[in-house]
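In terms of my numbering, the sequence shown opens at residue 30 and continues consecutively.
Every residue, glycine too, gets a C-beta built ideally from N, C-alpha and C.
Every value quoted in this text rests on a predicted model; they were computed, and no experiment measured them.
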Amino acid sequence: PTRQVGPHFIPHISSGINRRKPSTPPSQVSMKNLTPPPPNLMQVIFNLCRSNSWRAVEAYVISNPMITITPMIMVNNISTTILHQSITSKGDTKARASAIKTLLRVSPESAAIKNGYGSLPLHVVTQRNIKMDASTKEAVICDLIRIYPEALITEGGVGRRTPLHIAFTDYISPYLART
């Protein structure tokens, strides 16, 4: 069952992922009573992401959803999130897709968090160099759009492009073009 996060999220029955009502910015209010994870735990989580231990990551996320919205610092001193890492990893696609579903179900707010480059998860997944098969990539893109539709027109990243622009210049599938 999906968890409803505050009054601005409504369940999306077909995918089991929460969907946000348009024009309402994602909020972290629903997590205000949770304890932020300590930096050393976030380093453990980052290492689990890098080693493609997605089941362990999912277990940590379920135990403390704040982990999904807490930044992690990469070796290059740029901030990232678990969602960004699950998208950019080169590991097992099915395990990553499962982790992404869990992250979005437990914390739909994570879809609205930018990394240190200013990119939302939707910016990252629409790029052509992501190591994901087309059907998984399309499903992730659709889930992110259902949760945070404004992301499509949010500028971000080094080039200040929108995910919509990236999708049509870097990657487009016949399925996404129809939806």
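Determine, using beta carbons only, whether residue 162 and residue 133 come nearer to each other than 7 Å. no
Drop a sphere of 10 angstroms on the beta-carbon of residue 91, count the other beta-carbons inside from all chains shown, and report buried for 16 or more, exposed for fewer. exposed
In whole angstroms, what separates the C-alpha of residue 102 from that of residue 197? 30 Å
As a quick exercise: from 136, 166, 149, pick the residue whose alpha carbon is nearest that of residue 63. 136
Nonlocal neighbours in the same chain, by C-beta distance under 8 Å from residue 146, ignoring five residues either side: 107, 185, 186, 187
Identify which residue in 109, 115, 104, 159 has its Cα closest to the Cα of residue 85. 115
DSSP three-state label for residue 136, please. coil
Along the chain, where does the alpha helix (DSSP H) that runs through residue 89 open and close? 83–92
Going by alpha carbons, who is nearest to residue 81 out of 112, 100, 174? 112
Under 7 Å between C-beta atoms of residue 97 and residue 165: no
Between the Cα of residue 128 and the Cα atoms of 83, 190, 74, 177, which residue gives the shortest distance? 83
Rounding to the nearest angstrom, what Cα-Cα distance links residue 124 and residue 189 in this structure? 30 Å
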